[in-house]
Every structure is written in C-alpha cells, then in structure tokens.
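Reviewing the structure listed below.
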Amino acid sequence: MSIVHSITETAHAFPSERLTYAGTVPDCWAADEEAAVSTTIGVDHGGVERDFDIFSDEYIADPSRVWDELRTECPVAHSERNGGGWMPTTWDDIAAVAYDTDNFSSRDSSVARTPEGASFISAPPITSDPPFHADARRMLLPFFSPKAVEDLVEVTRSIARERLDVIAAQTGANRGGSGVVDAADAFSKYIPVRVIARILGLPESDEPMFTRWAVAVLQATPEEHDHRALATREVLKYFGDLVDARREERADDLPSKLIDMRLPNGDPLTNRHITGVGFLLLLAGIDTTWSSISASLLHLATYPDDRERLLAEPELLDSAIEEFLRAYAPVTMARISATDDAEISGCPVPKGDKVYLPFGAGNRDPAMFDRPDEVLIDRAHNRHVAFGIGIHRCLGSNLARMELKVALEEWLARFPNFELATDADGRSAEWGGSQIRGPRNLQIRVGI
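Here our numbering = 1-based position in the sequence shown + 76.
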C-alpha cells in the first residue's frame with residue numbers, strides 16, 4: 077500500500093485567499109459565456125477573479141492554490157501588477173511556450189524589475205536566444221556532465237558530514253541528547269554554496285557574501301528593488317575583478333577555462349560573457365539547491381512514515397528526490413517576452429508582452445500527473461519540470477540532484493529520527509519567495 081500525503085496539507089499550506097484584478101479582463105479569460113459578460117475591474121467571474129500577484133504573501137505562502145484556481149477557471153491568466161504579464165498554468169501550455177523560441181525571448185528571464193544601470197546584464201546561456209544560445213550552453217556542459225558531477229560526490233559528502241558534526245555538537249546529539257536546529261541555515265545552504273564556489277575557484281571565506289547576494293537578487297520583492305540593485309552591482313564587480321585576475325594568472329577553475337575557450341567563429345569570450353556566466357552559476361547554484369534540500373527535510377520531518385519508508389527502502393531515494401522536486405519546485409517561474417504577436421492556447425499575446433512560466437504549476441497539472449496534490453515517494457512516472465523545459469532547461473540538474481541526494485543520505489544516516497520543532501516565535505518553517513521558493517527557516521529537533 078502506497079503512503080501518500082497531500083501537498084496542500086504540508087507546513088507551507090495556508091488558507092486560500094481571493095484573487096483581485098486591477099485591469100480590464102481580456103476576452104480569452106472567459107471560463108464560459110456567462111463569465112465573459114462583464115469586464116470591469118474586480119468583477120467575479122465564476123467564483124474566481126482573474127489576476128495574480130507573484131509577490132503577495134498569499135502567493136509566496138502557497139502558490140499552488142492560485143495555480144489550481146486559475147487552471148480551472150482561467151488557464152491563461154493576465155495581471156497588470158509588477159509590470160504586467162501573462163501566466164499559463166497547464167503543463168502543455170508551459171512546455172509549448174518554453175519551446176517556442178521563434179516567438180518568445182529569454183534575454184530577460186528575471187521576474188523582478190531589472191535594476192537601473194544594470195540592463196546590460198548578460199548571463200549566458202539563460203539570457204541567450206538561438207542561435208548563440210547553443211554555443212554558450214555547449215561550452216558549459218562538460219563542467220556539469222555526469223562524470224564531472226561524479227567527481228564532486230566525495231567533496232559534497234565531506235561538506236555535509238562537516239555540517240552534521242557541527243549540528244550534533246551544538247544540539248548535544250553527539251552526546252546522546254537532543255536539540256533544535258535551524259536546518260535551512262545550519263545545513264542546507266552550506267552544501268551548494270561551497271560546491272559551486274569550488275567549481276568557480278572562489279574562497280570559502282566569501283561564502284556568507286555569496287549567500288547574501290543570492291537571497292537579495294533572487295528573492296527580492298518590488299519594494300526591495302534598491303537592495304537587489306546593490307547586490308547585482310556587487311556580484312558583477314566581484315566577477316569582473318576575478319576575470320581580470322584570471323587573465324593575468326590562470327587557476328584550475330571554470331573562469332580560467334572559459335578565458336581559454338573560443339566560439340565557433342574563433343572569437344574569445346568577452347569579459348562580459350564570463351562575468352555573466354559567473355553571475356548565473358553562483359546565484360542559481362546556491363538558492364535552488366538550498367531550497368530543495370530544506371523542502372525535502374521539511375517534508376520528512378512532517379511525515380515520519382515517508383522518512384521511515386526511506387530508511388527501510390533506501391532504493392526509493394531517487395524516486396523520492398524526483399517527487400520532492402515536483403511537489404516543492406524551487407524555481408517558481410521564469411519570465412520571457414513575446415518577440416512577435418503570439419498566442420497561448422488561442423489567447424492572443426501582443427508583441428512585447430511578458431509571459432511568466434510557472435514550472436511548479438505544470439508540476440501540479442492533473443492532466444499530466446495522477447493525484448498531483450499528493451506526494452508519492454514511489455511515483456513511477458514523473459515528467460516534472462522543476463528544472464525547466466526546452467532549450468533553457470537547467471544545465472546544472474545533474475549537480476543539483478547529486479547535492480540533494482548526498483544531503484539526504486548523510487542527514488538520514490546521522491539523524492534517522494527527527495521532527496518539526498518551533499522557534500521563539502512559534503514558527504516551524506518560514507518560506508522565502510519570488511523567483512526562488514523554499515524554507516528559509518526550518519526548525520528541526522534531532523537526537524530524538
């Protein structure tokens with residue numbers, strides 16, 4: 077008998093809130109003939125108002141409720157908020173748009189407003205379109221191949237064990253006692269930042285700064301624009317200085333190797349290109365895996381039957397990891413732009429309009445997944461899009477899977493019995509949101 081849990085019953089689920097619309101409703105929003113009659117601001121069409129706010133407290137707390145409502149009532153939604161944009165909510169529509177590079181561009185994939193003075197940011201290959209995209213991606217693939225990732229397993233395992241030693245000492249678990257730890261802060265975030273710093277040839281002493289940058293850039297709300305802009309400038313300067321130093325003296329790291337590479341036409345990579353690659357790999361490499369490790373630990377702390385099953389059947393860990401990625405997709409969405417007048421399932425998208433691709437919504441589509449609201453750690457068929465889909469699918473997916481697997485293996489080996497706890501404010505977990513979503517505060521009692 078398969079043990080399952082409803083995603084909407086986990087620690088990050090909050091009561092559903094009504095959505096509000098601040099604009100004119102496009103005709104293609106009509107769920108039926110009756111719903112299309114009125115198009116004024118705030119009109120209720122069939123029980124749900126067609127709008128979304130990706131920075132609202134409700135969306136950050138539980139975007140799945142918003143996606144489910146829109147998928148049923150308005151599968152291609154529109155909002156005037158945050159600069160305006162469209163949001164398809166079915167797996168098929170998300171995939172179709174992601175693959176349509178003729179009509180949509182990924183040159184600016186950030187969901188937050190581009191900081192003033194930083195519109196020049198290039199982070200290839202994620203901000204590249206065909207045909208250049210293929211060349212930019214091809215250069216990086218060897219560094220994230222299965223073989224390259226396999227060479228990092230023992231390093232990753234050593235990092236995880238080092239952090240677990242610290243946690244055991246701080247909580248008294250190494251002396252037969254028990255205690256509470258913020259697993260997101262004390263464990264999850266350390267693994268990806270140290271691994272990606274090693275790949276990029278960056279000093280461990282700078283790791284706290286890297287984590288701060290990742291949070292500032294990828295989790296910023298519109299109100300935190302200045303904070304995000306400052307962090308963006310700091311990251312670009314850091315990598316600009318690094319590239320200058322590597323041009324003077326090479327090291328055994330990725331920036332040095334990129335300096336020596338050539339494009340198919342024989343041209344070397346520019347400083348801007350290499351700086352953009354560093355910007356992308358550092359920030360995306362930290363926050364996404366940090367979020368995935370924390371969300372997985374939250375699930376196992378909340379549902380001990382799943383934890384016990386993994387301990388009894390460790391061969392299920394690979395399928396459990398894929399299910400955690402599906403259910404708790406760390407990348408909430410990417411944003412692309414229509415380069416020509418286009419359509420999404422018959423809904424016209426004018427040239428220049430933005431489109432949000434909510435990968436987590438695709439992972440919850442009942443047309444693609446049986447019992448999508450349940451976490452099945454033995455799910456056999458799992459075509460999730462947690463790593464995106466199309467030409468911009470995450471090139472670091474092999475690395476992310478390895479880091480997540482090693483983290484869970486080592487945590488379960490050290491602390492097979494653990495449970496949710498609370499901090500001084502009575503919170504067990506606090507979710508961060510925006511473009512990357514995951515527990516930023518995760519109180520777990522170990523040594524029980």
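Heads up, the beta-carbon is just placed ideally off N, CA and C, and yes, glycines get one too. All values derive from a computational prediction rather than experimental measurement.
>> By DSSP's criteria, Gly508 is part of a beta bridge. Which residues make up the other side?
In response: Gly514
> Counting pairs of beta carbons, one from the region 431 to 447 and one from the region 139 to 151, are three or more of them closer than 8 angstroms?
Replying inline: yes
> With a CB to CB cut of under 7 angstroms and the five nearest residues on each side skipped, what residues in its chain are close to Asp205?
Replying inline: Thr177, Ser181, Ser182, Arg183
> Exposed or buried, what is Arg338 when buried is set at 16 or more other beta-carbons lying within 10 Å of its beta-carbon?
Replying inline: By the Cβ-count criterion, Arg338 is exposed, with fewer than 16 other Cβ atoms from all chains shown falling within 10 Å of its own Cβ.
> Taking the C-alpha atoms as reference points, what is the distance between Trp143 and Val271?
Replying inline: 34 angstroms
>> Rounding to the nearest angstrom, what Cα-Cα distance links Thr166 and Arg147 in this structure?
In response: 6 angstroms
>> I'd like the list of long-range same chain contacts for Asp328, defined as Cβ closer than 8 angstroms, with 5 residues on each side in sequence excluded.
In response: Gly277
>> Considering only the alpha carbon of each residue, which of Asp499, Ala456, Val225, Ile524 lies closest to Asn517?
In response: Asp499
> Looking at C-beta atoms only, is the number of pairs between the region 507 to 523 and the region 384 to 403 that lie closer than 8 angstroms three or more?
Replying inline: no
> Quick one: is Thr247 buried, meaning 16 or more other Cβ sit within 10 Å of its Cβ, or exposed?
Replying inline: With 16 or more other Cβ atoms within 10 Å, it is buried.
>> Tell me which residue opens and which closes the alpha helix (DSSP H) that Ser370 is part of.
In response: 347 to 378
>> Cutting at 7 angstroms between CB atoms, please list the residues of its own chain near Pro442, excluding the five before and the five after it.
In response: Pro448
> Does any heavy atom of the ligand GTP sit closer than 7 angstroms to the C-beta of Trp487?
Replying inline: As presented, the structure is devoid of all ligands, the ligand GTP included, so that no description of it is given.
>> Taking the beta carbon of Asn341 as the centre, do at least 16 other beta carbons fall within 10 Å, making it buried, or is it exposed?
In response: Answer is exposed; the Cβ neighbour count stays below 16.
> What number of angstroms, rounded off, separates the C-alpha of Asp241 from the C-alpha of Glu226?
Replying inline: For Asp241 and Glu226, the distance between alpha carbons rounds to 24 angstroms.
>> Rounding to the nearest angstrom, what Cα-Cα distance links Val293 and Arg455 in this structure?
In response: 34 angstroms
> In three-state terms, what does DSSP make of Thr161?
Replying inline: Looking at the sequence shown, residue 161 is not Thr but Gly. Note: Gly161 maps to strand in three-state DSSP.
>> Need the endpoints of the beta strand (DSSP E) that Lys430 sits in, please.
In response: For Lys430, the uninterrupted beta strand (DSSP E) run begins and ends at 430 to 433, by DSSP.
> Count the other CB atoms within 10 Å of the CB of Gly502; is the residue buried (16 or more) or exposed (fewer)?
Replying inline: exposed
> Short check: CB of Gly525 to CB of Ala174, under 8 angstroms?
Replying inline: Missing from the structure shown is residue 525; the chain here goes from 77 to 524 and no further.
>> Which complete alpha helix (DSSP H) runs does the region 191 to 253 hold, if anything under 4 residues is left out?
In response: List check, alpha helix (DSSP H) in window: 208 to 216, 222 to 226, 229 to 247.
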